[in-house]
Amino acid sequence: METTRGSNFWWLVLLQGIAAVIIGVLLLTQPGATLFTVVLFLGVYWLISGLFELISVFLDANNRGWKILAGVIGILAGLVVVRNPLWSGFAVGVTLVWLVGLAGIIIGVVDIFRAFTGDGWGIGLIGLVSVILGVILIGNPLATIRVVVYVAAIWAIVGGIAAIIGAFRLRSASRAAMGRTQVA
Numbered sequence: 008m009e010t011t012r013g014s015n016f017w018w019l020v021l022l023q024g025i026a027a028v029i030i031g032v033l034l035l036t037q038p039g040a041t042l043f044t045v046v047l048f049l050g051v052y053w054l055i056s057g058l059f060e061l062i063s064v065f066l067d068a069n070n071r072g073w074k075i076l077a078g079v080i081g082i083l084a085g086l087v088v089v090r091n092p093l094w095s096g097f098a099v100g101v102t103l104v105w106l107v108g109l110a111g112i113i114i115g116v117v118d119i120f121r122a123f124t125g126d127g128w129g130i131g132l133i134g135l136v137s138v139i140l141g142v143i144l145i146g147n148p149l150a151t152i153r154v155v156v157y158v159a160a161i162w163a164i165v166g167g168i169a170a171i172i173g174a175f176r177l178r179s180a181s182r183a184a185m186g187r188t189q190v191a
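Encoded structure:
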């Protein structure tokens, strides 16, 4: 019976998949406008989420300090993004590229160190490539942002298609489970 209850919401997965495919296609065909819209929606989400987090302090006193902190940060981040969506899209993109670049450098250095401590030269070469890619990311974040937008678009399309396929599998499972329930 548990399968049927969870499978009854297959259409939500389908809607998520369709939305992801649409966003992916829009990111490929209209990257600037789509990114602007996505960042604006993100800002509104953070703002509303922050408000709900502060309201939850009055409903449940557990972790009050963390809820207040999360609420204030959410509201502030939401206001900054909503008031400056163009600047925020740029800042979020550059920050993401810098974080990924820094992570690549750190992972690469660790892998190179591992190579010298006996894990083999293969891991050292992978570490060197990771360091080089990390430096490229940090050194040229604007060019990288363009690439990241297209990678995100392709990722959204592939993930959306996978979600659509998964939704129809859930629907089939739901129908099969209902058939078994009616027979019994």
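For this note's numbering, count along the sequence shown from 1 and bump the result up by 7. The C-beta atom is built at its ideal place from N, Cα and C for all residues, glycine as well.
- By alpha-carbon distance to I143, the top candidate from G167, G111, A170 and I161 is G111.
- Taking a C-beta distance under 9 Å as the contact criterion, G108 and L132 do not qualify as a contact pair.
- It is roughly 22 Å from the alpha-carbon of Y52 to the alpha-carbon of L21.
- The beta carbons of G96 and F43 sit about 6 Å from each other, so the pair counts as a contact at 8 Å.
- With a beta-carbon spacing of about 5 Å, A27 and A163 fall inside the 8 Å limit used to define contacts.
- Straight across, the Cα-Cα distance linking Q23 with V138 is about 36 Å.
- With a beta-carbon spacing of about 6 Å, G167 and G31 fall inside the 8 Å limit used to define contacts.
- In the structure shown, the three-state DSSP call for A150 is helix.
- In this chain, the alpha helix (DSSP H) harbouring A40 covers P38 to L66.
- The residues V101 and V104, in chain order, have a CB closer than 6 Å to that of P148 in the same chain once the five nearest residues on each side in sequence are set aside.
- With a threshold of 16 other beta carbon atoms within 10 Å, T36 falls short and is exposed.
- For R187 and L19, the gap between their C-alpha atoms comes out near 23 Å.
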